[in-house]
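Colleague:
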Amino acid sequence: MKKRSVLVLLGAAIVASSAQAGVYHFSPSDPDLADLPHEYYYKWTINWTVPDGEYISGASLLFDNIRNWTYEANVLYSRLLSSGPGGVRQYADWEYPADAFAGQGVSLVTYYNIPSWPPQDLVHYLTTDQLSALSSYSQDGNFAIGIDPDCHFYNDGVRLTIETAQVPAPGAVVLGMGGFGAVSAIRRRLG
88 MKKRSVLVLL
98 GAAIVASSAQ
108 AGVYHFSPSD
118 PDLADLPHEY
128 YYKWTINWTV
138 PDGEYISGAS
148 LLFDNIRNWT
158 YEANVLYSRL
168 LSSGPGGVRQ
178 YADWEYPADA
188 FAGQGVSLVT
198 YYNIPSWPPQ
208 DLVHYLTTDQ
218 LSALSSYSQD
228 GNFAIGIDPD
238 CHFYNDGVRL
248 TIETAQVPAP
258 GAVVLGMGGF
268 GAVSAIRRRL
278 G
């Protein structure tokens, strides 16, 4: 019974040390960005930095319930940018079809020929390289998402979600390694 109690306590300590730190959701002040008309492109600035003792473990960009306004060829570009001027900025788009942010930042995802019906949720999970860029860009507390719709897209909102995890403390790693050794020794004795 005593051995089982030790194992339970050890397991609880390991689980507690690996708990997720946080989930952060960001949406622009105009959540659907004016339904993304093709005559504009947008720079959405996010003022946030990774909290101390945490690191970015995952992130996703969501276009909620999006559809093209009619049945025709279309493109939706999105990029991660190192900084922005604050808030959401809308710029006239005279280049069609072209990515107004080409050559800047890191391309997140480009969607081609989004259907006019039915609406759908488009979710892009950032790759390892994109997460690395996000970690770097967010260090000074200011980064941006560039969105260039080359058509008109009705939608119910754009959202960036960032997941963080706790940076393991050196003592927790040693404790975990010691715990695994203890469990192994106990199993050998019992088995």
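Under my numbering, read the sequence shown as residues 88 to 278, first letter to last. Backbone N, C-alpha and C fix where the C-beta goes; we use that ideal spot for every residue, glycine too. All figures in this text were calculated on a predicted structure; none of them were measured in a lab.
Should Leu195 and Ser165 be called a contact, given that it needs their Cβ atoms to be closer than 7 Å?
Modeller: The sequence position of residue 195 within the sequence shown is 108, counting from 1. The sequence position of residue 165 within the sequence shown is 78, counting from 1. In contact: Leu195 and Ser165 (Cβ atoms closer than 7 Å).
Colleague: Residues in the same chain with beta-carbon distance under 6 Å from Val210, minus the five sequence neighbours each way, listed in chain order, please.
Modeller: Indexing the sequence shown from 1 puts residue 210 at position 123. Closer than 6 Å at the Cβ level, and outside the excluded window around Val210, lie Ser147, Leu149.
Colleague: Helix, strand or coil for Ala108? Go by DSSP, reduced to three states.
Modeller: Locating residue 108 in the sequence shown gives position 21, counting from the first residue. Note: Ala108 maps to strand in three-state DSSP.
Colleague: Residues in its own chain within less than 8 Å of Ile143 by CB, not counting five upstream and five downstream?
Modeller: In the sequence shown, the residue the question calls residue 143 occupies position 56. Excluding residues within five positions, the ones whose Cβ falls inside 8 Å are Val137, Leu218, Leu221, Ser222, Ser225, Ile249, Glu250, Thr251.
Colleague: Do Trp131 and Val175 have their C-beta atoms within less than 7 Å of each other?
Modeller: Position 44 of the sequence shown, counted from the start, is the residue given in the question as residue 131. Position 88 of the sequence shown, counted from the start, is the residue given in the question as residue 175. Contact: yes.
Colleague: DSSP on Gln226, reduced to helix/strand/coil?
Modeller: Numbered from 1 along the sequence shown, position 139 holds the residue referred to as residue 226. Helix.
Colleague: Just list the alpha helix (DSSP H) runs in the stretch 188 to 242, keeping only unbroken ones of 4 residues or longer that don't cross its boundaries, in chain order.
Modeller: DSSP runs (the alpha helix (DSSP H)) wholly in the stretch 188 to 242: 215 to 224.
Colleague: Let me check understanding here. Comparing Cα to Cα, which of Asp122, Ala256, His239, Ile232 lies closest to Thr157?
Modeller: Reading the sequence shown from its first residue, position 70 is the one you call residue 157. Considering only alpha carbons, the answer is His239.
Colleague: Using a Cβ-Cβ cutoff of less than 7 Å, which residues in the same chain neighbour Asn152 once the five nearest sequence positions on both sides are dropped?
Modeller: The residue you call residue 152 lines up with position 65 of the sequence shown. Excluding residues within five positions, the ones whose Cβ falls inside 7 Å are Pro206, Asp208, Asn242, Asp243.
Colleague: Give the straight-line distance between the Cα atoms of Asn161 and Asp119, rounded to the nearest whole angstrom.
Modeller: In the sequence shown, the residue the question calls residue 161 occupies position 74. In the sequence shown, the residue the question calls residue 119 occupies position 32. Distance between the alpha carbons of Asn161 and Asp119 is about 18 Å.
Colleague: Can you list the beta strand (DSSP E) stretches of 3 or more residues lying completely in the stretch 133 to 179, in chain order?
Modeller: For the stretch 133 to 179, whole beta strand (DSSP E) runs of length 3 or above, ordered along the chain, are 141 to 155, 162 to 168, 175 to 179.
Colleague: In three-state DSSP terms, what is Leu247?
Modeller: Against the sequence shown, residue 247 aligns to sequence position 160. Strand.
Colleague: For Ala121, name the three-state secondary structure that DSSP assigns.
Modeller: Here residue 121 is taken as the residue at index 34 of the sequence shown, counted from 1. In the structure shown, Ala121 sits in a helix (DSSP, three-state: H, G or I).
Colleague: On the premise that Ala179 lies in contact with Tyr111, defined as a C-beta separation below 8 Å, what is that separation, rounded to the nearest angstrom?
Modeller: Numbered from 1 along the sequence shown, position 24 holds the residue referred to as residue 111. Numbered from 1 along the sequence shown, position 92 holds the residue referred to as residue 179. Contact doesn't hold; Cβ gap of about 32 Å is too wide.
Colleague: Quick check: Tyr129 and Ile201, are their CB atoms within less than 7 Å of each other?
Modeller: Within the sequence shown, numbered from 1, the residue matching residue 129 stands at position 42. Within the sequence shown, numbered from 1, the residue matching residue 201 stands at position 114. Not in contact: Tyr129 and Ile201 (Cβ atoms no closer than 7 Å).
Colleague: Suppose you measure from the CA of Asn155 to the CA of Ala231; what does that come to, to the nearest Å?
Modeller: Along the sequence shown, read from residue 1 onward, the residue named residue 155 stands at position 68. Along the sequence shown, read from residue 1 onward, the residue named residue 231 stands at position 144. Distance between the alpha carbons of Asn155 and Ala231 is about 24 Å.
Colleague: Relative to the C-alpha of Pro113, which residue among Val245, Pro255, Leu123 is closest?
Modeller: In the sequence shown, the residue the question calls residue 113 occupies position 26. Rather than Pro, the amino acid found at residue 113 in this sequence is Phe. Nearest C-alpha to Phe113: Val245.
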